[in-house]
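Novice: Before I ask anything, here is the structure I am working with.
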Amino acid sequence: MNILPTEDAERKAIPIASGVLDYFPSALLEVAKVSKAGNDQHNPGEPLHWARGKSMEQGDTMIRHFMERGTIDPKDGLRHSAKMAWRALAFLQLELEAEGYPVARGAKEGRRDESTTIPD
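Take a look at the structure:
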């Protein structure tokens, strides 16, 4: 299932590059670092993917990172604000999928592991 509209006018009305990527290039770079670090820690040797079954507490985890916004996590050197943004994107993606949007191509259900979170 394609998530983009098929009509030209509708497609042009969604400025993905100029309305998101061009606004937040540094922020998205930091979120990508969080994705990579989480995958390296919790899925070593596997291709980059969102192992959804390993941590499903998007809301609570997002708020914990919000409370530490503006600081660096000493455990891994990543920004709490970037971790919060990752969780916010995960929260939104799951919300949209629940409404019928297609499952993200980089997601795998994976096994629930109570000892880990992605990314913490």
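If you're matching positions, the sequence shown starts at 364 in the working numbering and goes up one per residue.
We put the CB at the ideal spot given by N, CA and C, even for glycine.
(1) With respect to the alpha helix (DSSP H) encompassing G422, which residues constitute its N-terminal and C-terminal limits?
(2) Below 8 angstroms on the Cβ atoms is my guess for R427 versus I435; work out the distance and round it to an integer in Å.
(3) Given 8 angstroms as the limit, is there contact between the stretch 413-426 and the stretch 443-460, that is, 3 or more CB pairs closer than that?
(4) DSSP state of I379, grouped into three classes?
(5) Would you report the Cα separation of L391 and L452, rounded to the nearest angstrom?
(6) Output yes or no for whether 8 angstroms exceeds the beta carbon distance between W413 and A467.
(7) Can you say whether K417 is buried or exposed, counting buried as having 16 or more other CB atoms within 10 angstroms of its CB?
(8) Pick from Y464, P368 and E393: whose alpha carbon is nearest that of G433?
Specialist: On the basis of the coordinates in this document:
(1) Q421 to M430
(2) So it is not a contact: roughly 15 angstroms between Cβ atoms.
(3) yes
(4) helix
(5) 11 angstroms
(6) yes
(7) buried
(8) E393
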